[in-house]
Amino acid sequence: MATRGALALLVLGLAESGLSIFQWMQLLTLRGGGSTVCGVSDTVNCETVWNSAFASRVHDLVGLPVAALGLVWGLVAVGLSAVFLAWARSGRPVRPAANGLRLVAAAGLVSVGVFAVASAQSGALCPTCLATYALVVAFAGVAWKGLPGPLLPGAGEWGATLKWTAGVTAAVFLATLLPGRATPKASEASGAALLPPAPQVASTQTPGVTPQTPPPPPASLEEFLRSLPPQHQQFIADALAAYRSETPQPAAAPARHRYGPVDAPVKIVEWTDSKCPHCKMLVEELSALKKRVPEGRCRWRLASSRWMARATRRFRAGARMRPACAAWRRVRRSAWRARRTTGSCVRRCSPRRPCWTRSGRWRSRRRARCRAPSWRCA
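So for the sequence shown, this note's numbering puts the first residue at 740; every next one is plus one.
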């Protein structure tokens, strides 16, 4: 019977822990500007309770939001229930764990009363809070009827009871303190209160005199410049003259790094996207090509650019990689033309593989080395 009661307390503690985690996630959604699941109406709304002054004071005092306090209570209940079951299975006395579970149940009942009064004062009904109250009351009933021994610890049992209860509570509290402090707090002032107060200008109107209406703003830039004082117009004219007489200075760094000589017969523009797997293959092939042909010996020039494929409508299933594939085919064709004119092989020379010579004719290769010194293997 005692083991069944402890097992029921373990299940109730796990349920309360899961509900508190859900409440904490909803609180983070609320602090991030989203809407919660329990925000049904103005009356049935958890957001009003979580943003109340009482919840803000608890967060400032303890360092944990109200949902995190429920998680602490549930994890302490789970820990003491697990200790009870382990001791009962090994034959050890279970009185410290049973007394600790009853103390946790009593603390939960006191917290339920305090938070229920605070929720009533906020003028809203919190559905998840009601579920928490029901779980705590059920836990207290099982701890009262389902655990062995008297309700209060004996004369010599207070030390072990407080040691285990306070130890488990302190461990759980310290584990949740860091994420609790990282949880944003409710703003105590509205957005209008954050704005600076409007300056109050004393009225110095003379009786019988109509206040003058300020002139409308200029409709164009020319009209604005003509409305300036003469010294301001002269300052702007001097600045424009100095700007026009200066010599443009070269940039400190090139706008884009280009690989290869300037007078290369083949120009390649590399359009890549960080999320495109075909672009990754293109970059890897170009890197291998750069290793085989150094920059001083290559006959092509590469300019890298970014193409935001994800921002276009063509980047969809079945059509997202077509521009990259077409670009790679153009690169391959340009490389073949360059090798045809310079006499270099597109691939490494190997037996039974043809090689393009300077005369423009295909010759069968039977040896691993090129026969003419003018042939260059990439």
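Each residue gets a CB set at the ideal place from its N, CA and C atoms; glycine is no exception.
Apply the 10 Å Cβ neighbour rule to residue i and answer buried if 16 or more other Cβ atoms are within range, or exposed otherwise.
i     : result
I975  : exposed
F823  : buried
E985  : exposed
S858  : buried
E1009 : buried
H798  : buried
W897  : exposed
Q1121 : This structure gives no information on residue 1121, because the portion of the chain shown stretches from 740 to 1117.
G809  : buried
S966  : exposed
T900  : buried
R834  : buried
L960  : exposed
L979  : exposed
P715  : The shown model of the chain, from 740 to 1117, leaves out residue 715, and the question about it has no answer.
Would you say residue i reaches chain B, if we count a Cβ-Cβ gap shorter than 8 Å as a contact?
i    : result
T867 : In the displayed structure, chain B is absent; only one protein chain is listed.
Expressed to the nearest angstrom, what Euclidean distance is found between the alpha-carbon atoms of residue i and residue j?
i     : j     : result
T915  : S829  : 31 Å
L803  : R920  : 6 Å
R997  : P1016 : 23 Å
A877  : V856  : 20 Å
R1045 : M1020 : 15 Å
G1035 : L1028 : 13 Å
L869  : P889  : 30 Å
T768  : T775  : 7 Å
N733  : K1014 : Since the first and last residues shown for the chain are 740 and 1117, residue 733 lies out of range.
V875  : L800  : 23 Å
T952  : F963  : 19 Å
Y872  : G772  : 27 Å
K924  : N790  : 9 Å
L840  : C785  : 29 Å
L751  : A745  : 10 Å
A905  : V1022 : 60 Å
A1058 : L1025 : With a pLDDT of 45 at A1058, under the threshold of 50, the predicted position of this residue should be treated as unreliable, and no value is reported.
L918  : D781  : According to the sequence shown, residue 918 is Pro rather than Leu. In a straight line, the C-alpha of P918 is about 29 Å away from that of D781.
Between which two residues does the beta strand (DSSP E) harbouring residue i extend?
i     : result
K1006 : 1005 to 1011
L869  : Here L869 belongs to no beta strand (DSSP E); instead the alpha helix (DSSP H) covers 866 to 884.
L890  : Taken as a continuous stretch (DSSP letters only), L890 belongs to no beta strand (DSSP E), as it is neither H nor E.
A1042 : 1039 to 1045
Considering just the uninterrupted stretch of the alpha helix (DSSP H) at residue i, what are its terminal residues?
i     : result
A978  : 969 to 984
S1026 : 1016 to 1031
A910  : 897 to 921
L964  : 960 to 965
So, at 7 Å on beta carbons, what are the nonlocal neighbours of residue i in its own chain, with the 5 sequence-adjacent residues on each side left out?
i     : result
A836  : L819, V822, F823, W826, W903
A806  : S759, Q762, W763, L766
K1030 : none
Looking only at its chain, what residues have a beta carbon closer than 6 Å to the beta carbon of residue i, apart from the 5 residues adjacent to it on each side?
i     : result
A1003 : R1038, W1039, R1040
V911  : V811, L814, V815
S1043 : E1009
K1006 : R1040
T787  : S861, A863
A844  : F878, A879, A882
Go through its chain and collect everything with a Cβ distance to residue i's Cβ below 8 Å, but skip five positions before and after it.
i    : result
T867 : L758, F761, Q762, Q765, C777, C785
**OP:** Please go through the region 751 to 839 and give each complete alpha helix (DSSP H) segment of 4 or more residues, from N-terminal end onward.
**Re:** Complete alpha helix (DSSP H) runs here, min 4: 785 to 789, 792 to 801, 805 to 829.
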